[in-house]
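Down below is the structure, laid out as structure tokens.
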Amino acid sequence: MSSNVYLSDIYVFYRKLQVVASRLANPIITSRNSRLEIYFDLADIEINRNIFKSMIECIASKTFLANLKEVKLEGEGVLVVLKVL
Numbered sequence: 000m001s002s003n004v005y006l007s008d009i010y011v012f013y014r015k016l017q018v019v020a021s022r023l024a025n026p027i028i029t030s031r032n033s034r035l036e037i038y039f040d041l042a043d044i045e046i047n048r049n050i051f052k053s054m055i056e057c058i059a060s061k062t063f064l065a066n067l068k069e070v071k072l073e074g075e076g077v078l079v080v081l082k083v084l
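Those letters in the sequence shown? Residues 0 to 84, by numbering that gives the first Met the number 0.
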């Protein structure tokens, strides 16, 4: 069962990621139907995208609990998809 995702939840998620990747650019957040997409562009960061994806998946699963739908590599970055009401 999903619940609402608040801006404060996204901020907490972003701050946790910045501890590891301090050069991480601001995410691009879009809303489509009952989905919220958070895209992190990794073009300027020298990091293995698969490792970063796994790290994002771990943090997102703890931050968003029931709302996490998927985390996937897309283009030069990582896309986090959340279910929202």
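Quick reminder that beta carbons are idealized off the backbone N, C-alpha and C, glycines included.
Q. Given that a residue counts as buried once 16 or more other Cβ atoms are within 10 Å of its Cβ, and exposed if not, what is Ala59?
A. In the sequence shown, the residue the question calls residue 59 occupies position 60. Ala59 is buried by the Cβ-count criterion.
Q.
My output table needs one value for Leu23: the three-state DSSP class, helix, strand or coil.
A. The sequence position of residue 23 within the sequence shown is 24, counting from 1. It is coil, neither helix nor strand.
Q: In the DSSP assignment, find the beta strand (DSSP E) that holds Ile37 and state where it starts and stops.
A: Counting from 1 along the sequence shown, the entry for residue 37 is found at position 38. Here the beta strand (DSSP E) through Ile37 covers 34-40.
Q) So what does Ile28 bridge to, in DSSP terms? A) The residue labelled residue 28 in the question sits at position 29 within the sequence shown. In DSSP, Ile28 forms a bridge with Ile37.
Q | Euclidean distance between Cα positions of Ile44 and Leu35 | A | In the sequence shown, counting from the first residue as 1, residue 44 sits at position 45. In the sequence shown, counting from the first residue as 1, residue 35 sits at position 36. So the alpha carbons of these two residues sit roughly 24 Å apart.
Q.
Using C-beta distances below 7 Å, list every residue in its chain close to Tyr5, excluding the 5 sequence neighbours before and after it, in chain order.
A. Looking up residue 5 in the sequence shown gives position 6. If we look at Tyr5 and ignore the five residues flanking it on each side, it has no Cβ neighbours.
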